[in-house]
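Going by the working numbering, 108 is the number at position 115 of the sequence shown; the sequence numbering is gapless.
Structure record follows, encoded as structure tokens.
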Amino acid sequence: QVQLVESGGGLVQAGGPLRLTCVASGRIDSIDEMGWYRQPPGEQREVVARITRDGFPSYEYPHGTRFTISRDNTKNAVYLGLNALKSDYTGVYYCYAVVDTTTYWGQGTQVTVSS
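Structure below.
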């Protein structure tokens, strides 16, 4: 089994940056794709960004200039930078990792942006 744990969320002020961290543990030889989804209040979960094992990122419109995804394969970790926080960033952020064709999810971390 593989477990993912997110951290870095909380109540934050608008305008600042924020960095979310997700670390995978368990029976892992290597992790393929990793990424982040978010779920705004009252809405469905939506993809934010993905990153390949080789570090190539992709973003879902319109998130390309608002988020920065990166990963550290030595730590089995993926990160999400949120830039210039706005109130519509509020939501639960979930990370995922693909290991041996199976997708694993974290439990989510709440981000609340106050204006």
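Ideal Cβ placement from N, Cα and C applies to all residues, glycine included.
In this structure, DSSP gives D81 a helical state, which the three-state scheme calls helix. Between V(-5) and Y72, the alpha-carbon positions lie close to 18 Å from each other.
Nearest Cα to A7 within the set A17, S80 and Y30: S80. Contact annotation, Y30 with E39: C-beta distance approximately 6 Å; criterion of less than 8 Å satisfied.
For the set S0, L11, G48 and G35, the Cα lying nearest the Cα of G74 is the one of L11.
Under a 10 Å Cβ-count criterion, T67 is classified as exposed, with fewer than 16 other Cβ atoms of the shown protein chains found around its own Cβ. Judged by DSSP in its simplified three-state form, P50 adopts strand. The beta-bridge partner set that DSSP reports for A70 consists of V16 and D65. In its chain, beyond the 5 residues on either side, Q(-6), V(-5) and Q(-4) have a beta carbon closer than 8 Å to the beta carbon of G19.
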